[in-house]
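Only one structure is covered here, and it is reproduced in the block below.
Residue numbers (my numbering): 2 to 98.
Structural data, given as structure tokens:
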């Protein structure tokens, strides 16, 4: 489940980098890649809803650590977050189509 969760996070970034670096002059291929990426994210979000069960996925890392305090960021994927991820992915897919 960790791999799928991070794929949902990193697939749009990867698609944007590939489009900007390699597919600027090929508009049809770039459009197909963006629609396919949006569809893939939608499929991953459906997988997280149905196959994830009641599991909660949490990941946390320290960004900055100074004397006496630290600034952390994280990634939490529970039931409501999965549902919201699906809704946002579905709307994004419809926008791309």
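For every residue, glycine included, the Cβ atom is placed at its ideal position computed from N, Cα and C.
Shown here, residue 53 sits in coil according to DSSP, grouped into three states, outside any helix or strand. Within a 10 Å sphere around the beta-carbon of residue 52 sit fewer than 16 other beta-carbons, which makes this residue exposed. The C-beta distance from residue 73 to residue 59 rounds to 12 Å, too long to fall under 8 Å, and the pair is not in contact. Excluding its 5 nearest sequence neighbours in each direction, residue 36 has C-beta neighbours in its own chain below 7 Å: 97, 98, listed in chain order.
In this structure, residue 21 lies away from residue 30, with their beta-carbon atoms at least 8 Å apart.
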